[in-house]
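Engineer:
In the UniProt record's numbering, the protein residues as written are 1 to 122.
1. What is the C-beta distance between residue 20 and residue 28, in whole angstroms, given that I count them as a contact (C-beta under 8 Å)?
2. Please state the DSSP three-state secondary structure of residue 26.
3. Report the start-end ranges of each beta strand (DSSP E) in the region 25-58 that is 3 residues or longer and not cut off at the edges.
4. Does the beta-carbon distance from residue 9 to residue 17 come in below 9 Å?
5. When DSSP labels each residue in this structure, what does residue 3 get in the three-state scheme?
Okay, structure coming up:
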């Protein structure tokens, strides 16, 4: 947190010993240690909360991206289904028209009492 070297701490300790005195210095050191511990705990708690919020935000973004992808895939599937239905319908129409055409051709060459094989032989 703070960048204090050994000599800076020695100077602070000597000044505290001169100002506070040897009788009250241990109590002051305990109080300072307690406050430093509380500050470290607070900073750790805030850092943890921020990290949790960042993770939650990332998860929300990932969920939104996945929902967009799912929507895109559903749309693609619906389009494919419509295309397949259209193609099946067109194939059925072609098959029906081919069957009608074949029936019409075979009806042109045969008379009511003849079979199609006999008409072709003639």
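The C-beta atom is built at its ideal place from N, Cα and C for all residues, glycine as well.
Structural biologist: Well, looking at it:
1. Cβ atoms of residue 20 and residue 28 come within 8 Å of each other, at about 5 Å.
2. Assignment of residue 26 by DSSP, reduced to helix, strand and coil, places it in the helix class.
3. Qualifying beta strand (DSSP E) stretches: none in this window.
4. At least 9 Å separates the beta-carbon of residue 9 from that of residue 17.
5. When secondary structure is reduced to three states using DSSP, residue 3 falls in the coil class, being assigned neither helix nor strand.
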